[in-house]
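Residue numbers (the numbering used here): 5 to 225. The structure under discussion appears below in the form of structure tokens.
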């Protein structure tokens, strides 16, 4: 099975984007997960709705909204273009942003599940002994919630690898630049390149299986 340079580029971009989006998502994901799982405050339901919004929106709609915001005449994209001269849409950066937005709810959902399983009594006991909220988080909550955090991480990573709708809207399908593995499969199907479709589908399946298997093994240990 010979992989073409275009397929290698699409696979490489998908993996790089998935890892980069994970690095970007994890800090705010931990914060959002902790707030939703452990804190009570006005607007909590609104925050949860906002975080989970991309999960129920069609990805193509999320991509269109990102296109409006990040375009040269959009609120965010226009400001960045005027100040720094940088255009976001139809660039690799747009791919990272698109997959991060779509994957973020799955990451947070896993984190919330893990943190909700941590007994409140242990956290309260640590506070009565003088531990600060930050110390309680890193010494009690985070270690005991690691299974859920890992589960959310792998869900977010896997979703990043296979994201399609938002990516094609805000980043296009430019081979060697913004074409991810999912977009490469889409192009190959439309061009009737069955051999390329089989190779890419096989690679995507194997990569997803290995990622899930490694996470499961790590969690069990």
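Don't be surprised by glycine CBs; every beta carbon is placed ideally from N, CA and C.
- Under the DSSP assignment, residue 102 falls in the alpha helix (DSSP H) whose first and last residues are 96-120.
- Counting along the chain, the unbroken alpha helix (DSSP H) around residue 53 starts and ends at 48-60.
- In this structure, residue 80 lies away from residue 71, with their beta-carbon atoms at least 8 Å apart.
- The continuous stretches of alpha helix (DSSP H) do not include residue 181, and DSSP gives it neither H nor E.
- Rounded to whole angstroms, the gap between the alpha carbons of residue 183 and residue 113 is 28 Å.
- Counting along the chain, residue 91 sits inside no alpha helix (DSSP H), nor does DSSP assign it H or E at all.
- Of the other Cβ atoms in all chains shown, 16 or more fall within 10 Å of the Cβ of residue 203; this residue is therefore buried.
- Selection 68, 6, 17, 45 evaluated against residue 174 yields 68 as nearest (Cα-Cα).
- Inter-residue distance for residue 18 and residue 165 is about 6 Å (C-alpha atoms, whole angstroms).
- Within the same chain, 116, 119, 120 come within 6 Å of residue 41 by CB-CB distance, once the 5 residues on both sides are set aside.
- The beta carbons of residue 177 and residue 191 sit closer together than 8 Å.
- Between residue 107 and residue 167, the C-beta spacing is below 8 Å.
- A residue is called buried once 16 or more other Cβ atoms fall within 10 Å of its Cβ, and residue 89, having fewer, is exposed.
- The criterion of a C-beta distance shorter than 8 Å is satisfied by residue 14 and residue 188.
- Setting aside the 5 residues that flank it on each side, residue 47 has no residue in the same chain whose C-beta is closer than 6 Å to its C-beta.
- The Cβ atoms of residue 208 and residue 158 do not sit closer than 8 Å to each other.
- When the beta-carbon positions are compared, residue 29 and residue 111 come within less than 8 Å of each other.
- In the structure shown, residue 136 falls within a coil segment according to DSSP collapsed to helix, strand and coil.
- Pairing residue 61 with residue 210, the inter-Cα distance amounts to about 28 Å.
- Shown here, residue 141 sits in a helix according to DSSP, grouped into three states.
- At least 8 Å separates the beta-carbon of residue 93 from that of residue 24.
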